[in-house]
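J.: The structure's right below; bear with me while I get my questions together.
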Amino acid sequence: MSMEELKQRENRLFLENDEKLSVFCQLIDKQNWSLARSEELTKKYISSGVHPYITFRNKTWWKTYKFQTKEIISNFRWRLEIQRNVFTPGVNDVLFEPWFITVELGYGLGLYETKSILIPKEQLVNLTQKLGSVVGKSSVMTSSSGQFMVKPTPCCGDILFVLPFKNKSMSSVGGCYVGITYGAFMPETTLWLDVCPNQSTNSSLCSVFPSEDCNNLRLLDMVVTRNYIVFATSFGLVKSASFALLMSEQGVAEKVERYVVLVVSQDSNRHFVFPPWYFSENSIARDIQFHTWSNTILVYGSEVWKSRDGGNSFKQLTKLRSPHTITALSFPQYGDNIVVLTNHGKILNGRMGISRLIAIHHQTLSGFLYSILVDELGTIKGFSQNGNASIFGNYFIEKINFESYQKHFCTDHLLLQFIGHHDVFIFVAAPFEQPSNQSLTSYCFSSPVVTQVLKSRLGGSAHISEVTQLNPSTGFYTRAKGKVMEDFIGLTAISALVLKMDLQLRILNSAFYDVIYELSITGVGWSSHDVGRTVVLDNGMSILLIKYIDGSTIYGLPPPGFSPSILPHTNQKSGTWQMYDLSSATVIYDKTDSISISYSLGEFKGIANFVFTNSHIGKVLMIHSDNHGVIETVSGGTVSFQNSSLFKEGHFSEWKLLEPRVYTSEPKNGYGMWWLEEEDCSNFPIITPKQYKTLYHLDTQDNVTLQFAVLAQHLETTEPQISMHVSNPSLFFIRGTHEHYETNHTLDVGLMRKPGTTGLSQMSFSIPYLSLKCPSVSNVLTIHGGCPPSKRLVFEYPITFTPNVFLYGTPKDGDGVLRHYKLPANYRPPSSRGVGIPMSSNLYNVHPEKPPYKERFAISRRTRVYKQCSGKSYRRDCDCDQENITMSRLVAYSDCITTVYRLLYGEEFRPNFTLLQDDTITKRFVDPYYVVELNQRSDFKIVRSTTSTTPGQDSTISVLQDRLNSSLEFSGGGLYHFRAYAVKEGYTLCGLMDEFIVFVDELPLPNPARDVVRFTTAMLFVTSSFLAYLWYLYYSNQRDQNRVFPD
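Heads up, the sequence shown is in the UniProt record's numbering, so the first residue is 1 and it goes up one at a time.
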């Protein structure tokens, strides 16, 4: 495999229906890729006892496996085989999601790590049936630039759909094509279908509109679900499952203006459920998308807007300047990344939980970007145009490797006003003496810069914590508050000779401002380069220098909000006042003419209608903050550039010519004395009780307490800094408390399900002002109001024993009574007709090779049914060797049950149960339940019970309860097999049940045999007594006859 092939590979595992999943792992040095280097790395770490680990996790389950040394195979790869049944989803009826995979060298050592996704085959969307005829990828051509769209599926963002479309009459090759891929659009994993071929067939969109000309059919949009696609066509809406027409509306293709968007929700009676939200008059909204996992609505067009409350309100995430618009937006359904693309090829990146999008630096691609997407792993891919060498005809896909978030800089000067030693106000200056009737806006400082860091080229930085818009008539657009992170460095007398002179202050009247300052010196010291700098007086007051008059005089503007009567008038001695430089490059021209940037012979060149001259050499041509360079030469109207590493080819309709404040070898920081950049992550969100658990189930009587804490560095405020959104609050009673200590914030949330409600709700915790560099800025939990899938009722024997002791030993209770009973072969319980007439279909301890048990009567023979031993001739063929089956209490495995719990006749039996559930403490079951005897026996009664009505029926049942010490009393003997059902009404939403078996032993003789024995015993006793009496009389007479009486 070459390095280029390695870069294009996707870390995706697709779980087929095989019994085992085989995973291969190899150490690769991307800087020096070779098998020899792989062998070297493998031996190095194995000798140190370091092995790779792989962790699988989803919202409900996680497990880690270790690659062993003995599993190394050819080319020094590890191989690990995992049983397929490990990945059987436990909550298919609740969630539908992929598994996330992390492979790391050494568990938790942070040496090497890669991420992947495991997608079970049963979760792949099945949309290929009856969708269209298969075509070769060479036939798929798009008619013009950008005539395609990309749609992710809701189950997994890695399974994507590309839809090139065109008017079929425009080309003999044309068609309405759908590309379905399970491998990031690699040729071997992409299937192309023509959904509107020239001839109307049953498997085409044309078949839905038999009366229409198929050549006029156009695809406008589509929505992808798990099992079908809804197509928006020029003739109406069509559902792909059977190509059923959902709604026909002529003229929807060309006649409807799609720029006024109203976000509403309607019930079945077409009434507004929520009040409509109207975007601003000049806004253009082109598309709406829904992030299901966080319940976020995103709308894009001229800007990007986000709603966390179902469309009741929207927050603007961007602040673009016309003619910049958003052409594409992408996000993974199970991630929080957002990526958007502008019509000028600029890429913005953000998170669902943070209300801002920041431009990113990215490597220059082969062509202009027309669309973009991001997958679950955060990998960004761009669709660009480059000849005819791709599966999309004129388009192909490239991975976008971005280096960092762009530094934000613009052409406005900043005023620093220090507040004590740790805080500072930053004022963004408006153009000097701009008429008030002109539209004044600034794109330098807006709400997205909160939590970013202002940096000075001379040294010093401040963390932005607050932004307030001002009236431009004050001379300033914006005021930002910041926390000083590193002291700002001022100018010195060496770099600014004016600092050696005394400063005279005079307040002047102005037609534009409330007040301005005249700052004068004796002699010459001011220069035009001082405009934009900040003068700080000895009392802390700051003045922004705004207009150069001459070498001895310059005008300045104080911060807004100060009355002229309290402004300082005192002259400043040299050494008592300071000067800071946060000035910016100056705009010479702001053009809307077209300009073309091309690359040839190792340099970038620009051609425009504008006439460049030699006077423009050294000036900066800026298209946007990630596309600019310094003009080096001018020749015949063509300009070439130095520092052109940030230039990108293309045709652009908007650009500026700047006078740089400073020439720098780091053009990413701009050409002024300051810039804004995304702060390094200094805040750490923590969620309890379990960081990895993101799915909680609440049964009728369940509740959960969640805690979300932020260990922050800069959030010094008593206001809650943690945002929580609940998508379906009608399901739960919610209780929340917020606590803070210095910069640490904690939010405790308690949830209890409301009676009679079921459903799902997402609960998202986010920190809106975290840095986008933080690995985690939000956490989305799913709360399921209903029966937990892992919740189960488990019968507990009165004494504790191991399976081995129960089956083969002598389990005894505290009184020495043996508590197991070995069933005879082919045992069947008695029936109501008698002990010798078994009628139950359940047989126990089945041995097909041995004689039946008490089948003298025909009815006993007719009701015999084998289960595990059906069709088998010998016990060994019945698959009863597994211990869990032999020990089972379930009637489904009765053939294999050999040993059961033993009771003595006359003993009351009190069943005990526990509730088991994953990730919860085992509880004793104390709710009501009732029992059903599975062999139709009725010779028992329930002691100390209550009655309850069976739901949906008029009959009543006897209910056992733990608090009543309910028990079972048996009047017969032999085997009793019970199934216990928990009473659901008001107690649980689960169909909880379990089975238990008892065998009543040492039964007294039954009637009439008992009476015969009693009568015989009595007769024998009486006869014996009578014979004893006769014997006594006889010997008494003999004694009397032999007695000699004296005379």
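All C-beta atoms in this analysis are idealised placements derived from N, C-alpha and C, irrespective of residue type, glycine included.
Over what stretch of residues does the beta strand (DSSP E) that includes residue 52 continue unbroken?
T.: First-last of the beta strand (DSSP E) with residue 52: 52-57.
J.: Specify whether the region 371-384 and the region 315-334 touch according to this definition: at least 3 beta carbon pairs, one from each stretch, less than 8 Å apart.
T.: The region 371-384, when compared against the region 315-334, does touch it at the 8 Å Cβ threshold.
J.: Just the C-alpha distance for residue 1020 and residue 873, rounded to the nearest angstrom, thanks.
T.: Answer to the nearest angstrom: the Cα atoms are 52 Å apart.
J.: Just to confirm, are residue 865 and residue 934 a CB contact at a threshold of 8 Å?
T.: Not closer than 8 Å, so no.
J.: Can you check DSSP and say which residues form a bridge with residue 606?
T.: 597 and 639.
J.: Taking only runs of the beta strand (DSSP E) that begin and end inside the region 924-989, which ones reach a length of at least 3 residues, in chain order?
T.: Complete beta strand (DSSP E) runs here, min 3: 929-933, 940-943, 946-949, 956-959, 967-970 and 974-982.
J.: Can you check whether the CB of residue 634 is closer than 8 Å to the CB of residue 616?
T.: In contact: residue 616 and residue 634 (Cβ atoms closer than 8 Å).
J.: Which runs of the alpha helix (DSSP H) at least 4 residues long sit entirely within the region 697-768? Give them in chain order.
T.: The region 697-768 contains no whole alpha helix (DSSP H) run of 4 or more residues.
J.: Whole-angstrom Cβ separation of residue 347 and residue 360, contact assumed at under 8 Å?
T.: Yes, residue 347 and residue 360 are in contact; Cβ-Cβ is about 5 Å, under 8 Å.
J.: Return the residue from the list 566, 949 and 23 that minimises the CA-CA distance to residue 77.
T.: When each option's Cα is compared against that of residue 77, the closest is 23.
J.: Does the separation of the CB atoms of residue 481 and residue 445 fall below 8 Å?
T.: No, the pair does not count as a contact, with Cβ atoms beyond the cut-off.
J.: On the DSSP letters alone, give me the boundaries of the alpha helix (DSSP H) that residue 861 sits inside.
T.: Its alpha helix (DSSP H) spans residues 858-862.
J.: Does the separation of the CB atoms of residue 514 and residue 564 fall below 8 Å?
T.: Cβ atoms of residue 514 and residue 564: closer than 8 Å.
J.: Nearest to residue 922 by CA position, among 881, 844 and 795, is which residue?
T.: Closest by alpha carbon: 795.
J.: Under 8 Å, with one C-beta from each stretch per pair, do the region 288-307 and the region 217-236 reach the 3-pair mark?
T.: Short answer: they don't touch.
J.: With DSSP collapsed to three states, give me the class of residue 555.
T.: Strand.
J.: Can you name, in chain order, every residue of its own chain whose Cβ lies under 6 Å from the Cβ of residue 468, other than the five neighbours on each side?
T.: Excluding positions up to five away in sequence, the list reads 479.
J.: In three-state DSSP terms, what is residue 416?
T.: Residue 416 falls in the strand class under three-state DSSP.
J.: Might you give, ordered along the chain, the residues of its own chain that have their beta carbon closer than 8 Å to the beta carbon of residue 964, omitting 5 neighbours on each side?
T.: Once the five neighbours on either side are set aside, the close Cβ partners of residue 964 are 944, 945 and 946.
J.: Let's test the definition: count the other Cβ atoms within 10 Å of the Cβ of residue 799 and tell me whether it reaches 16, buried, or not, exposed.
T.: Burial call: exposed.
J.: Report yes if the CB atom of residue 317 is closer than 8 Å to the CB atom of residue 351, and no otherwise.
T.: It is not a contact, given that the beta carbons lie outside the stated cut-off.
J.: Do residue 785 and residue 731 have their C-beta atoms within less than 8 Å of each other?
T.: Taking 8 Å as the Cβ cut-off, residue 785 and residue 731 qualify as a contacting pair.
J.: Out of 895, 889, 871 and 870, which one is the CA nearest neighbour of residue 880?
T.: The shortest C-alpha separation from residue 880 is found at 895.
J.: So, for residue 50: in the same chain, excluding its five sequence neighbours on each side, which residues have a beta-carbon less than 8 Å away from its beta-carbon?
T.: Once the five neighbours on either side are set aside, the close Cβ partners of residue 50 are 105, 106, 109 and 111.
J.: Any idea if residue 609 is buried or exposed, counting beta-carbon neighbours within 10 angstroms, 16 or more meaning buried?
T.: Classification of residue 609: exposed, given that the 10 Å Cβ count is below 16.
J.: What do you get for residue 371, buried or exposed, if any count of 16 or more other CB atoms within 10 angstroms of its CB means buried?
T.: Counting Cβ neighbours within 10 Å, residue 371 comes out buried, since at least 16 surround it.
J.: DSSP three-state call for residue 338: helix, strand or coil?
T.: Residue 338 falls in the strand class under three-state DSSP.
J.: So, at 6 Å on beta carbons, what are the nonlocal neighbours of residue 869 in its own chain, with the 5 sequence-adjacent residues on each side left out?
T.: If we look at residue 869 and ignore the five residues flanking it on each side, its Cβ neighbours are 846, 848, 878 and 895.
J.: Roughly how many whole angstroms lie between the Cα atoms of residue 36 and residue 29?
T.: Their backbone Cα atoms lie some 10 Å apart in a straight line.
J.: Have a look at 574, 464 and 551 and flag the residue whose alpha-carbon is nearest the alpha-carbon of residue 675.
T.: The candidate whose alpha carbon is nearest that of residue 675 is 464.
J.: Does residue 1019 come out as helix, strand or coil in the three-state DSSP assignment?
T.: Reduced to three states, the DSSP call for residue 1019 is helix.
J.: When the Cα atoms are used, what is the spatial distance from residue 938 to residue 703?
T.: Distance between the alpha carbons of residue 938 and residue 703 is about 40 Å.
J.: Does residue 150 come out as helix, strand or coil in the three-state DSSP assignment?
T.: Note: residue 150 maps to strand in three-state DSSP.
J.: Closer than 6 Å by C-beta to residue 992: which residues in its own chain qualify, once you throw out the five before and the five after it? Chain order, please.
T.: Result list for residue 992: 793 and 982, in chain order.
J.: Look at residue 827 and residue 844 and say whether their C-beta atoms are less than 8 Å apart.
T.: Yes, the Cβ-Cβ distance between residue 827 and residue 844 is below 8 Å.
J.: Decide yes or no for the touch test of the region 574-586 against the region 413-427: beta carbon pairs closer than 8 Å, at least 3 of them.
T.: Short answer: they touch.
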